[in-house]
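Each residue of the sequence shown is one higher than the one before, counting from 57 in my numbering.
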Amino acid sequence: MRLNVSERLEQYLARRGLAWTPVDIAPVTNLDEAIRASGQAADFAVATVLIDVSGLLMVVHRAGNPPSLAQLRKFTGRPLQQLEPLQAASFFDDCHPGFIPPVGAAWDLDVLVDEDIYGARQVCFTSGSEQVLIQMAG
């Protein structure tokens, strides 16, 4: 197990036999700094986590291209709201606050993925840490 990588994420990737490469970066204070440190802003996948009475929903999209909450509500038929940071910290308890990996299946979440992510040759995303990113083939 690698230090500074979410344990749930690492176990999920191992169970699925998915190849990934850790990318060490200097510790950063927020996700925007991590994206800049990656040097791959165009291929950086991020998670937007939403909540309603039915539970959580993760939406995976490219950095800088957040989903429309109104469109997601219409598409899902659910009254979704953005997950508050305090709620996120308690649910993603093995992640550094603000660094939620866009791999909802590792936390048994329903996930919607933007088509742009599927078309990427490779993606980079946070590992749950403020100092390690993950790079994978798309």
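We put the CB at the ideal spot given by N, CA and C, even for glycine.
### Query
Taking the Cβ atom as the reference point for each residue, do Ala101 and Val179 lie within a distance shorter than 9 Å?
Residue mapping note: residue 101 aligns to position 45 of the sequence shown, counting from 1. Residue mapping note: residue 179 aligns to position 123 of the sequence shown, counting from 1. Inclusion of Ala101 and Val179 in the CB contact set at 9 Å is warranted, their separation being smaller than that value.
### Query
For Asn121, which of Leu106, Leu113 and Asp99 has the nearest alpha-carbon?
As a position in the sequence shown, residue 121 is number 65, starting the count at 1. In terms of Cα proximity to Asn121, the closest of Leu106, Leu113 and Asp99 is Asp99.
#### Entry: Three-state secondary structure assigned by DSSP to Thr132
In the sequence shown, counting from the first residue as 1, residue 132 sits at position 76. It is helical.
#### Entry: Opposing strand residues paired with Gln191 [DSSP bridges]
As a first step, residue 191 is located in the sequence shown; it is residue number 135 there, counting from the start. Looking at the DSSP assignment, Gln191 forms a beta bridge with Thr77 and Cys180.
### Query
Considering only C-alpha positions, which residue in the set Arg72, Leu87 and Pro83 is nearest to Pro157?
To locate residue 157, count along the sequence shown from 1; it is residue 101. The candidate whose alpha carbon is nearest that of Pro157 is Leu87.
### Query
Just checking, does the region 179 to 192 make contact with the region 62 to 77 on the three C-beta pairs under 8 Å criterion?
Contact between the region 179 to 192 and the region 62 to 77 is present, because at least three Cβ pairs lie under 8 Å.
### Query
Is the region 145 to 155 close to the region 123 to 131, with three or more CB pairs under 8 Å?
No contact exists between the region 145 to 155 and the region 123 to 131.
### Message
Which residues does DSSP list as the beta-bridge partners of Val167?
### Response
Walking along the sequence shown from the start, residue 167 turns up at place 111. Answer by DSSP bridge pairing, in chain order: Met114.
### Task
With distances taken Cα to Cα, identify the nearest neighbour of Ala119 among Asn60, Gly184 and Asp170.
By one-based count along the sequence shown, residue 119 stands at place 63. For Ala119, the nearest C-alpha among the options comes from Asp170.
### Message
For Arg177 and Pro83, I'd like the C-alpha separation in whole angstroms.
### Response
Here residue 177 corresponds to residue number 121 of the sequence shown, with the count starting at 1. Here residue 83 corresponds to residue number 27 of the sequence shown, with the count starting at 1. Cα-Cα distance, rounded: 26 Å.
#### Entry: Unbroken alpha helix (DSSP H) run spanning Leu106, endpoints
Residue numbering aside, residue 106 sits at position 50 when the sequence shown is read from its first letter. Element bounds for Leu106: not the alpha helix (DSSP H) but the beta strand (DSSP E), Ala101 to Asp108.
### CA nearest to the CA of Pro153, picked from Leu65, Thr85, Glu63 and Gly175
As a first step, residue 153 is located in the sequence shown; it is residue number 97 there, counting from the start. Minimum Cα distance to Pro153 is reached at Thr85.
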